[in-house]
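**Q** Quick one: this structure, given as structure tokens, is what I'll be asking you about.
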Amino acid sequence: MAVTNATLQQAWTPEQYGQLIDTVIAAKSIAFKASTVVQTQNEKIRFPMLTADPATGWYAENTSIALTDPNTSELVVVPSKVAGRTQISNESAQDTTPGVAEQTGTSLARSIAKKIDAAFFANTTVNGPSGLLSLAGINTVDTSAVPLTSLDAFHEAKYAALADGANLTHFILAPDVALALSKAKQAAGWNTGLLDNVGDGITLAGVPVLVSVDVAAGNAWGVDASQIFLAQRTGTTVVMSQDAAFDMDAVQVRATARVSWGFANPAGVVRIYDAP
């Protein structure tokens with residue numbers, strides 16, 4: 072039976088491939104896990120914000136009640152492009168085994184997710200969105216004063232955020248911070264650890280933990296996912312070209328995602344680190 076183009080590329084259809092990459096990005100990216108993800112078809116998305124409630128007070132019977140308005144604002148998020156390109160042989164592309172497409176898609180998705188997280192925890196990124204380190208007015212907990220030999224720093228972070236209108240949904244730790252907490256003991260001279268293990272899924276001060284290599288060493292972040300909006304525009308698009316690598320008898324695959332985020336309440340973000 073002859074093999075035709077109709078059967079060669081079934082595992083590589085752009086729509087399915089884009090959905091595969093989106094699935095892996097959502098699973099791998101810490102930014103996606105620690106945010107409220109919103110899909111949009113538009114160039115930008117606007118989130119209405121209520122910055123202050125209408126004023127209320129106590130009134131005597133049959134007296135006029137003052138008319139007051141809430142204070143409102145908006146958060147504008149403009150998705151930026153993060154893209155990757157890879158090359159595979161035509162022999163591999165012509166293998167209809169789903170695993171071939173999945174492995175290549177997962178590899179591209181991991182790379183895109185890495186770039187997303189690097190920007191999320193950075194200050195500013197060329198051609199990309201600004202991250203947590205760019206925020207002004209956040210809360211900080213100084214680990215030189217509250218060392219990571221107990222959970223005190225995380226309790227302080229939790230209640231500092233609460234005072235500024237945030238309920239922390241995640242602590243995101245650098246690996247060395249997770250290791251330090253894993254090695255902390257219940258008391259001086261004891262061999263019994265304070266915590267059995269510190270990694271994804273456990274809780275500190277009742278707040279779920281994520282561990283990311285993209286968090287700077289010695290740092291941890293407390294965030295409220297309901298106050299961080301991650302906008303993803305149209306999902307990942309995939310384009311294939313058999314012309315770009317014609318001389319190598321290969322095919323190139325380009326994946327393009329458009330992602331950005333906005334912080335509705337920077338004061339509700341907490342950075343836990345050894346402050347200078």
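Letter by letter, the sequence shown follows residues 72 to 347 in the working numbering.
Think of the CB as a built atom: it goes at the ideal place given N, C-alpha and C, for glycine as much as any other residue.
Owing to the predicted nature of the structure, the values given are computational and were not obtained by experimental measurement.
For the alpha helix (DSSP H) that contains P246, what are its first and last residues?
**A** Note, P246: alpha helix (DSSP H), P246 to K254.
**Q** Since S151 sits in a beta bridge, which residues does DSSP pair it with?
**A** Answer is V330, bridged to S151.
**Q** Please state whether DSSP places T94 in a helix, a strand or coil.
**A** DSSP places T94 in helix when its eight states are reduced to three.
**Q** Quick check: what's the CA-CA separation for D93 versus S163?
**A** In a straight line, the C-alpha of D93 is about 22 angstroms away from that of S163.
**Q** Quick check on the DSSP output: the alpha helix (DSSP H) that includes L233 runs from which residue to which?
**A** That run of the alpha helix (DSSP H) goes D223 to A234.
**Q** Starting from A216, trace the alpha helix (DSSP H) in both directions and tell me its first and last residue.
**A** Unbroken run through A216: none, as it is neither H nor E.
**Q** Helix, strand or coil for L203? Go by DSSP, reduced to three states.
**A** Three-state DSSP puts L203 in a helix.
**Q** Could you pull the DSSP bridge partners for I116 from this structure?
**A** Answer by DSSP bridge pairing, in chain order: V148.
**Q** Give me the Cα-Cα distance between A251 and D271, rounded to the nearest whole angstrom.
**A** A251 and D271: Cα-Cα distance of roughly 15 angstroms.
**Q** Can you find the residues in the same chain that come closer than 7 angstroms, C-beta to C-beta, to A276, ignoring five residues on each side of it along the sequence?
**A** Excluding residues within five positions, the ones whose Cβ falls inside 7 angstroms are L222, F225, H226 and K229.
**Q** Where do the ends of the alpha helix (DSSP H) carrying I209 lie?
**A** Element bounds for I209: n/a, residue is neither H nor E.
**Q** Let's see if you can read the secondary structure: which residues bound the beta strand (DSSP E) around A131?
**A** Counting along the chain, A131 falls outside any beta strand (DSSP E), and DSSP gives it neither H nor E.
**Q** How many Å lie between V148 and T308 at the Cα?
**A** Looking at the two C-alpha atoms, the distance is approximately 20 angstroms.
**Q** Measure the beta-carbon distance from N210 to A231 and round it to whole angstroms, keeping in mind my assumption that it falls under 8 angstroms.
**A** With 8 angstroms as the limit, N210 and A231 qualify as a contact, their Cβ atoms being about 4 angstroms apart.
**Q** Taking 8 angstroms as the threshold, find out whether the region 327-342 comes into contact with the region 152-161 through three or more Cβ pairs.
**A** Counting Cβ pairs under 8 angstroms, three or more are found: they touch.
**Q** Measure from the alpha carbon of A316 to the alpha carbon of each residue in N161, A98, Q298 and E132, then state which is nearest.
**A** Nearest option by C-alpha distance: N161.
**Q** Going along the chain, which residues of its own chain have a beta-carbon closer than 8 angstroms to the beta-carbon of P279, five neighbours each way excluded?
**A** Hits under 8 angstroms: T240, H241, F242, G272 and I273.
**Q** Is it buried or exposed, K256, if we count other Cβ atoms within 10 angstroms and call 16 or more buried?
**A** By the neighbour-count rule (16 or more Cβ atoms within 10 Å), K256 is not buried but exposed.
**Q** Could you tell me how far apart the beta carbons of G208 and A338 are, in whole angstroms, since I believe they sit closer than 8 angstroms?
**A** Correct: roughly 5 angstroms between the Cβ atoms.
**Q** Can you check whether the CB of Q303 is closer than 8 angstroms to the CB of V108?
**A** Taking 8 angstroms as the Cβ cut-off, V108 and Q303 qualify as a contacting pair.
**Q** Tell me which same chain residues have a C-beta within less than 6 angstroms of the C-beta of S100, skipping the five on either side of it?
**A** Cβ neighbours of S100 beyond the five flanking positions: A184, I187 and D188.
**Q** Exposed or buried, K104, counting other C-beta atoms within 10 Å across all chains shown (16 or more means buried)?
**A** Per the 10 Å Cβ criterion, buried.
**Q** Look up N48 in the DSSP assignment and say whether it is helix, strand or coil.
**A** This structure cannot speak to residue 48, because the chain is shown only from 72 to 347.
**Q** When the cut-off is 8 angstroms and only beta carbons count, does S106 lie next to chain D?
**A** No chain D appears in the structure shown, which is made up of a single protein chain.
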